[in-house]
């Protein structure tokens, strides 16, 4: 069984890695909002052209949540949002894979020409790992190395 | 304080990022509309070079009509899908600039061009159309039914 000090260190590692991944993933999307919205639209899961709204808001949410995770600000809220995002990504990727639609993932780089990837099982596994990291942060127990709120 | 509780933190983070992103979208020059618009469907297609630039969606019947008149077709799918089967005579280039060069030298940028991918639910044909529009191509027609519609109706294909 993992004891408390080790658990805090693992939670710290998870939170920093997950935070950096989220910040990194947000950058290309913030730079290319139109391309990212099209990538969301290609999943065919959102009605009424809502992909644009999600394409505008989601990257900034990723950036903010990632920053909060790295800095240790509002960790519970950030980790819950990060876990929620991963669940949504896993569902979106799985349904695309299940329906066999050949689309660009829009995960890290929003266009294939720019080094992005197609939807695939690898992305789903990665998101499952990130989900595990978010849950690890949530169950960290002792609150150490956190900026706000101080317990 | 609201930010002591996880639910309060979620609300604060969500509202902050929504406001920030909407403000950023308004001030940046390449901001996008809040809701996406579907590609307009062409009512009738004239074969000749369009008098003004167009990027429209077309039906299977319109695609067949254009095919019989000799319009160039571009397959926007990945090469491995193309090799499994495609509309007879359609182009497929893994490298975008190669495609641009080929199309430009073949028929210029104003001649009609039909672009398709696997079917109604794929987006690569529309993505490619916008990229070609960015390169100055002005007569772009996205065949929404794509390979699935063409294949199931038995129109000319290869191999």
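Protein chains in written order, with the numbering used here: chain U, 1 to 151; chain R, 1 to 159. Cβ coordinates follow ideal geometry from the N, Cα and C atoms, glycine included.
Chain C contact for residue i (CB, 8 Å cutoff)
i: residue 27 of chain U; result: Among the chains of the structure shown, chain C does not appear; the protein chains present are U and R.
Neighbourhood of residue i by C-beta distance below 7 Å, restricted to the same chain and skipping five residues each side
i: residue 90 of chain R; result: 73, 74, 75
i: residue 77 of chain U; result: none
i: residue 119 of chain U; result: 93, 96, 97, 103, 105
i: residue 134 of chain U; result: 18, 79, 82, 83, 86
i: residue 107 of chain R; result: 72
Under 8 Å between C-beta atoms of residue i and residue j
i: residue 34 of chain R; j: residue 52 of chain U; result: yes
i: residue 22 of chain U; j: residue 83 of chain U; result: no
i: residue 114 of chain R; j: residue 40 of chain R; result: no
i: residue 60 of chain R; j: residue 42 of chain R; result: no
i: residue 36 of chain U; j: residue 55 of chain U; result: yes
i: residue 128 of chain U; j: residue 25 of chain U; result: no
i: residue 8 of chain U; j: residue 140 of chain U; result: yes
i: residue 15 of chain U; j: residue 69 of chain U; result: yes
i: residue 49 of chain U; j: residue 123 of chain R; result: no
i: residue 104 of chain R; j: residue 138 of chain R; result: no
i: residue 74 of chain U; j: residue 9 of chain R; result: yes
i: residue 101 of chain U; j: residue 60 of chain U; result: no
i: residue 72 of chain U; j: residue 147 of chain U; result: yes
i: residue 112 of chain R; j: residue 92 of chain R; result: no
i: residue 5 of chain U; j: residue 4 of chain R; result: no
The alpha helix (DSSP H) enclosing residue i, as first and last residue numbers
i: residue 11 of chain R; result: 6-27
i: residue 71 of chain U; result: 51-71
i: residue 87 of chain U; result: 75-99
i: residue 132 of chain R; result: 124-134
i: residue 104 of chain R; result: 96-107
i: residue 73 of chain R; result: Careful: residue 73 of chain R lies outside any alpha helix (DSSP H), inside the beta strand (DSSP E) at 72-75.
i: residue 38 of chain U; result: 33-41
i: residue 149 of chain R; result: 146-152
Close-in-space but distant-in-sequence residues of the same chain around residue i (CB under 6 Å, 5 per side omitted)
i: residue 43 of chain U; result: 92, 96
i: residue 119 of chain R; result: 146, 148
i: residue 95 of chain R; result: none
i: residue 32 of chain U; result: 110
i: residue 117 of chain R; result: 76, 77, 124, 125, 146
Cut-off 8 Å between Cβ atoms - residues of its own chain near residue i, not counting five sequence neighbours on either side
i: residue 131 of chain U; result: 83, 86, 87, 90
i: residue 138 of chain U; result: 76, 79, 80, 83
i: residue 32 of chain R; result: 25
i: residue 85 of chain R; result: 147, 151, 157, 158, 159
i: residue 11 of chain R; result: 2
i: residue 36 of chain R; result: none
i: residue 58 of chain R; result: 41, 42, 45, 66, 114, 141, 142, 143, 144
Residue i: first and last residue of the uninterrupted beta strand (DSSP E) it sits in
i: residue 116 of chain R; result: 113-116
i: residue 54 of chain R; result: 54-58
i: residue 127 of chain U; result: Not the beta strand (DSSP E): residue 127 of chain U falls in the alpha helix (DSSP H), residues 121-138.
i: residue 139 of chain R; result: 139-143
Residues that residue i bridges to, as DSSP identifies them
i: residue 160 of chain R; result: A question about residue 160 of chain R goes unanswered here, because the residues of chain R that appear run from 1 up to 159.
i: residue 218 of chain R; result: Since the first residue shown for chain R is 1 and the last is 159, residue 218 of chain R is missing from the structure and cannot be characterised.
i: residue 148 of chain U; result: U/73
i: residue 104 of chain U; result: U/118
What residues in the region 27-48 of chain R have a beta carbon less than 9 Å from any beta carbon of chain U?
28, 30, 31, 32, 33, 34, 35, 36, 37, 38
Using a beta-carbon distance cut-off of less than 9 Å, what residues from the region 113-124 of chain R approach chain U?
117, 118, 119, 120, 121, 122, 123, 124
Within 8 Å of chain U by C-beta, residues of the region 65-78 of chain R in sequence order:
77, 78
Can you pull out the residues from the region 16-27 of chain R whose beta carbon lies closer than 8 Å to at least one beta carbon of chain U?
16, 17, 18, 20, 21, 22, 24, 25
Taking only beta carbons into account, state which residues of the region 81-96 of chain R come closer than 7 Å to chain U, listed in chain order.
81, 96
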